[in-house]
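Enquirer:
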Amino acid sequence: MALQDLCNFGDIFQESVGTARNVTASGKRKSCSYASGVALSNSTSLFHFYIPEAGYLDESPIQFGQISTMQSSSGIPFPEMLPIPSSLPESLPFTSSQAVPLPFPMAHGTTTLAFMFQGGVLAAADTRSSCSGLVACPASQKILPIHSHLVGTTSGTSADCALWKRILSRELRLYQLRYGRRLSTRGAAKLLSHMLHPFKGTELYCGCPCFSGPSLFYVCSDGTRLEGSLFSVGSGSPYAYSILDQGVRWGLTVEEATSIAREAVYRATHRDAYSGNFVDVYHVTSKGWTRRTHETHMPRFGLHPKYNIQYVAESTHC
Amino acid sequence: MEYLIGIQGPDYVLVAADNVAASSIIQMKHDYDKMFKLSEKILLLCVGEAGDTVQFAEYIQKNVQLYKMRNGYELSPSAAANFTRKNLADYLRSRTPYHVNLLLAGHDESDGPGLFYMDYMASLAKAPFAAHGYGAFLTLSILDRYYRPDLSRVEAVELLRKCVEELNKRFILNLPSFSVRLIDKDGIHDMEKITLTAK
Chain A
1454 MALQDLCNFG
1464 DIFQESVGTA
1474 RNVTASGKRK
1484 SCSYASGVAL
1494 SNSTSLFHFY
1504 IPEAGYLDES
1514 PIQFGQISTM
1524 QSSSGIPFPE
1534 MLPIPSSLPE
1544 SLPFTSSQAV
1554 PLPFPMAHGT
1564 TTLAFMFQGG
1574 VLAAADTRSS
1584 CSGLVACPAS
1594 QKILPIHSHL
1604 VGTTSGTSAD
1614 CALWKRILSR
1624 ELRLYQLRYG
1634 RRLSTRGAAK
1644 LLSHMLHPFK
1654 GTELYCGCPC
1664 FSGPSLFYVC
1674 SDGTRLEGSL
1684 FSVGSGSPYA
1694 YSILDQGVRW
1704 GLTVEEATSI
1714 AREAVYRATH
1724 RDAYSGNFVD
1734 VYHVTSKGWT
1744 RRTHETHMPR
1754 FGLHPKYNIQ
1764 YVAESTHC
Chain B
12 MEYLIGIQGP
22 DYVLVAADNV
32 AASSIIQMKH
42 DYDKMFKLSE
52 KILLLCVGEA
62 GDTVQFAEYI
72 QKNVQLYKMR
82 NGYELSPSAA
92 ANFTRKNLAD
102 YLRSRTPYHV
112 NLLLAGHDES
122 DGPGLFYMDY
132 MASLAKAPFA
142 AHGYGAFLTL
152 SILDRYYRPD
162 LSRVEAVELL
172 RKCVEELNKR
182 FILNLPSFSV
192 RLIDKDGIHD
202 MEKITLTAK
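For the protein sequence lines, the chains are A and B, in the order given. Those letters in the first sequence? Residues 1454 to 1771, per my numbering, in order. Those letters in the second sequence? Residues 12 to 210, per my numbering, in order.
Here's what the structure looks like:
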C-alpha cells in the first residue's frame, strides 16, 4: 500500500524485526521522523530533532508510546491527559507490549464539533495549538478540507493530523482516478480507520469528524468509527456537548446553526484551558464547503469581550 | 461499560446488547448496534476495546461469508464459534491481540440453538445463558434463579426485562436502551428495543 512507500513500513511490520535502528540500517533514504526517530539525529546538523530517551530506541514504532490500559468505552472517568491512570476497576489484561511512558505528554487540547442539520453539515473548531502548557499557535487550522465536498476536523497531535489529512486526500484522489467516481464519506471514513489501525495505541490522532454531503463520521486512532449527526471531540468536548444538546435541531437555519456552533466552542474555550482564541466555522453543502468569517465577539488572546479589539477578519473563500 | 446477554431456549436463542457507544465519559452514540450478522442464522455480539471490536467482528463476518461463497453452504454456529476462538487464540500471543468479549448465538438445523461465550483470552464455552460486562455481575444470579431449559419466548423476554430492570436500578452507569434479537429456525428476528425511563 502507499503507506509502505511513505515510511518504509515494509520493514517495520515484519514480525521478526522492528527496531528503529534496523530501518536506518536498511534504507538510505531519509524516512519520515516518525518511523525512525533516531535516524535523523545522525544526519547533518541542519536538522535538530528531539531525541527520545534511550529506552525508546529499541522499541518498534508500533510499541512506541503504546498505552497498556485499554481504551474501552468505559463510563468510569479517567483523565484525558496521559500518563496511565493508576486505578482501574477491572483487572488489566496482558498486552503485547509493556507500558512505555511517552517521552512528553501529548495533549488533545482542542474543541472541535460538527453536526448535521437541514442546511447541510456545520463544523466548528477553536484555533489554539497548545504544547503542554504553552500556546504554540493561537491561529492554527483545525478544520482541513480534504476535497471540495469533504472536510475533516482534527484533534490530537497537529503534525499527525496534517499528515493523515494529506494521506487521506491522496488516497481519495487516487480512488477517484482509478474508479471514476468519488469515494463516499462512509468509504473515506472506513479507509481512514483501516489506515490508522496499525498505529493503534500510539495516541496518534484522535477524532476526525469528516463529512461530505449529508453524512458525518467520527474516526479515532483507537479504531472507533461511528456514524452520527452530532459529534464533538477534544478536551473541551464535554462543555460543547452540553451546549449543543440543548439547541441543535434538524430545522435550524444556517445563521442559527452557525451561532450555536460558535457559542458551543466559545463556552468550551471559556472553561477549557487548552482551547481558545478564534473559532473556525465551516459549512458543507452539496455545492461544497465554505468558511465563515471570524466574528469579532470572539476575543483575541483571551481579552474580555468588553475590550473588543477589532482585528481584520479572514475573508470567506470557497 | 457495555453489556451483552444471551438466553437459550428449547428452539431459539434470545440475545440483547446495550446501545451506547462511549468514549471516556461521553456517550457518543445512543443507538449503536453491537450485533454483527455472520450468516442467516448466526449473530455475533461483540464488546471490548474501541477499534478492536469492529475490526475483529468484521473480519470474522467476512470470513464466514467467504466460506459460504467458496463451499456453497454456511458454517454451523459451533464451527463459526470455534473459528472465531481460533482467531482470537492466534492473535493472543502476537503483538496485537484483540481485546474483545463475544457472544455468538445461532441456530443449527441438526444441533438446534446454541449460545457460545467467548472472551478475550480465547476461551469458549457453550452455555444456556451468558452475559458480558459489569452488568453481568448483577444479572447472572437472576438468570441462575429463574432460568429453565424449557422457557417459552415470552418468558425469556420477561427474564431479559428483569435483568435490564435490575441494571437500571443498581448499575451506576446509564444504559437507556437495549436492542433485542431472537434467532430460531426461521432466521434472525428483530424484536422491540427495551428502553427504560429514568428510575
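Using N, Cα and C, we set each Cβ at its ideal position, and we do this for glycine too. Predicted model only: the values in this text are computed from it and were never measured.
Name, going along the chain, the residues of the region 66–84 of chain B whose beta-carbon falls closer than 8 Å to a beta-carbon of chain A.
Expert: GLN66
Enquirer: Do B:THR150 and B:VAL111 count as a contact pair if the criterion is CB distance below 8 Å?
Expert: Residue numbering aside, residue 111 of chain B sits at position 100 when the second sequence is read from its first letter. Residue numbering aside, residue 150 of chain B sits at position 139 when the second sequence is read from its first letter. No, Cβ-Cβ distance for B:VAL111 and B:THR150 is not below 8 Å.
Enquirer: Is there a Cβ from chain B that is less than 8 Å from the Cβ of A:LEU1679?
Expert: Translated into positions along the first sequence, residue 1679 of chain A becomes position 226. Closer than 8 Å to some Cβ of chain B, the Cβ of A:LEU1679 qualifies, so yes.
Enquirer: Check whether the Cβ of B:ASP63 lies closer than 8 Å to any Cβ atom in chain A.
Expert: What you label residue 63 of chain B is simply residue 52 of the second sequence in a count that begins at 1. By this cut-off, B:ASP63 is an interface position.
Enquirer: Work out the CA separation of B:LEU55 and B:ASN74 for me, nearest whole Å.
Expert: Here residue 74 of chain B is taken as the residue at index 63 of the second sequence, counted from 1. Here residue 55 of chain B is taken as the residue at index 44 of the second sequence, counted from 1. Going from the Cα of B:ASN74 to the Cα of B:LEU55 covers about 13 Å.
Enquirer: Does the Cβ-Cβ distance between A:THR1563 and A:SER1688 come in under 8 Å?
Expert: Reading the first sequence from its first residue, position 110 is the one you call residue 1563 of chain A. Reading the first sequence from its first residue, position 235 is the one you call residue 1688 of chain A. A contact, by the Cβ cut-off of 8 Å.
Enquirer: Please decide whether B:LYS40 counts as near chain A, where near means a Cβ-Cβ distance under 8 Å.
Expert: Residue mapping note: residue 40 of chain B aligns to position 29 of the second sequence, counting from 1. Output row for B:LYS40: interface = yes.
Enquirer: Within its chain, find whatever has a CB closer than 8 Å to the CB of A:SER1622; leave out the 5 residues flanking it on each side and keep chain order.
Expert: Translated into the one-based positions of the first sequence, residue 1622 of chain A becomes position 169. Hits under 8 Å: ILE1599, HIS1600.
Enquirer: Counting only beta-carbon atoms, is B:ALA27 nearer than 8 Å to chain A?
Expert: Taking the first residue of the second sequence as position 1, residue 27 of chain B is located at position 16. With 8 Å as the cut-off, B:ALA27 does not count as an interface residue toward chain A.
Enquirer: Per DSSP, what kind of secondary structure is B:TYR23 in: helix, strand or coil?
Expert: Numbered from 1 along the second sequence, position 12 holds the residue referred to as residue 23 of chain B. Strand.
Enquirer: For A:TRP1703, is the classification buried or exposed, using 16 other Cβ atoms within 10 angstroms of its Cβ as the cut-off for buried?
Expert: As a first step, residue 1703 of chain A is located in the first sequence; it is residue number 250 there, counting from the start. Result: exposed.
Enquirer: Could you check where the beta strand (DSSP E) with A:ARG1576 kicks off and where it finishes?
Expert: For this step, residue 1576 of chain A is matched to residue 123 along the first sequence. At residue 1576 of chain A the sequence reads Ala, which differs from the Arg that was named. Per DSSP, A:ALA1576 belongs to the beta strand (DSSP E) from 1573–1579.
Enquirer: Can you tell me the Cα-Cα spacing of A:GLU1624 and A:CYS1614, whole angstroms?
Expert: What you label residue 1624 of chain A is simply residue 171 of the first sequence in a count that begins at 1. What you label residue 1614 of chain A is simply residue 161 of the first sequence in a count that begins at 1. Approximately 15 Å, taken between the alpha carbons.
Enquirer: State the DSSP-derived secondary structure class of A:HIS1602, mapped to helix, strand or coil.
Expert: The residue given as residue 1602 of chain A occupies position 149 in the first sequence. Of the three classes helix, strand and coil, the one that applies to A:HIS1602 here is coil, per DSSP.
Enquirer: How should B:ILE16 be labelled, buried or exposed, when 16 other C-beta atoms within 10 angstroms of its C-beta is the threshold for buried?
Expert: Translated into the one-based positions of the second sequence, residue 16 of chain B becomes position 5. By the 10 Å Cβ count, B:ILE16 comes out buried.
Enquirer: My understanding is that A:ALA1641 touches A:LEU1603, with C-beta atoms under 8 Å, so please give their C-beta distance in whole angstroms.
Expert: Residue numbering aside, residue 1641 of chain A sits at position 188 when the first sequence is read from its first letter. Residue numbering aside, residue 1603 of chain A sits at position 150 when the first sequence is read from its first letter. Contact holds; Cβ gap of about 6 Å.
Enquirer: Whose C-beta lies closer than 8 Å to the C-beta of A:SER1593 among residues of the same chain, with five residues either side of it excluded?
Expert: Position 140 of the first sequence, counted from the first residue, corresponds to residue 1593 of chain A. Excluding positions up to five away in sequence, the list reads THR1580, ARG1581, SER1582, SER1611.
Enquirer: How far does the alpha helix (DSSP H) with B:GLU169 in it reach, from first residue to last?
Expert: Walking along the second sequence from the start, residue 169 of chain B turns up at place 158. Taken as a continuous stretch (DSSP letters only), the alpha helix (DSSP H) holding B:GLU169 covers 164–181.
Enquirer: Going by the DSSP bridge assignment, what does A:CYS1673 pair with across the sheet?
Expert: Taking the first sequence and counting its residues from 1, the one referred to as residue 1673 of chain A is at position 220. Paired residues: none, contrary to the question.
Enquirer: Taking a contact to mean a Cβ-Cβ separation below 8 Å, would you say A:ASP1396 touches A:ALA1578 in this structure?
Expert: The structure shown does not extend to residue 1396 of chain A, since chain A is modelled only from 1454 to 1771, so the question has no answer here.
Enquirer: Can you name the start and end residues of the beta strand (DSSP E) that A:LYS1595 belongs to?
Expert: Sequence index remark: in the first sequence, residue 1595 of chain A carries index 142 (1-based). Premise fails: A:LYS1595 is in no beta strand (DSSP E) and is neither H nor E.
Enquirer: Would you please state the rounded distance, in angstroms, between the beta carbons of B:ALA61 and A:CYS1673? I believe it to be under 8 Å.
Expert: Walking along the second sequence from the start, residue 61 of chain B turns up at place 50. Walking along the first sequence from the start, residue 1673 of chain A turns up at place 220. Going by Cβ atoms, the distance from B:ALA61 to A:CYS1673 rounds to 7 Å, so yes, they are a contact pair.
Enquirer: Is the beta carbon of B:VAL175 closer than 8 Å to that of B:PHE189?
Expert: One-based indexing of the second sequence puts residue 189 of chain B at position 178. One-based indexing of the second sequence puts residue 175 of chain B at position 164. Going by C-beta atoms, B:PHE189 is nearer than 8 Å to B:VAL175.
Enquirer: My output table needs one value for A:ARG1744: the three-state DSSP class, helix, strand or coil.
Expert: On the first sequence, residue 1744 of chain A is found 291 positions in, with the first residue counted as 1. A:ARG1744: strand per DSSP, three-state reduction.
Enquirer: Return the chain-ordered list of same chain residues with a C-beta closer than 8 Å to the C-beta of B:TYR78, the five sequence neighbours on each side being excluded.
Expert: Within the second sequence, the letter at position 67 stands for residue 78 of chain B. Cβ neighbours of B:TYR78 beyond the five flanking positions: GLU85, LEU86.
Enquirer: Considering B:LYS204, what are the terminal residues of the beta strand (DSSP E) in which it resides?
Expert: As a working mapping, residue 204 of chain B is identified with position 193 in the second sequence. Run containing B:LYS204: 198–206, per the beta strand (DSSP E) assignment.
Enquirer: Under a three-way DSSP split, which group does B:MET12 fall into?
Expert: Counting from 1 along the second sequence, the entry for residue 12 of chain B is found at position 1. It is coil, neither helix nor strand.
Enquirer: Classify B:LEU115 as helix, strand or coil using the three-state DSSP reduction.
Expert: Reading the second sequence from its first residue, position 104 is the one you call residue 115 of chain B. It is a strand residue.
Enquirer: Could you name each continuous alpha helix (DSSP H) segment of 4 residues or more that falls completely within the region 1610–1642 of chain A, going from the start of the chain to the end?
Expert: 1611–1632
Enquirer: Does the beta carbon of B:SER218 sit closer than 8 Å to a beta carbon anywhere in chain A?
Expert: Nothing about residue 218 of chain B can be read from this structure; chain B reaches only from 12 to 210.
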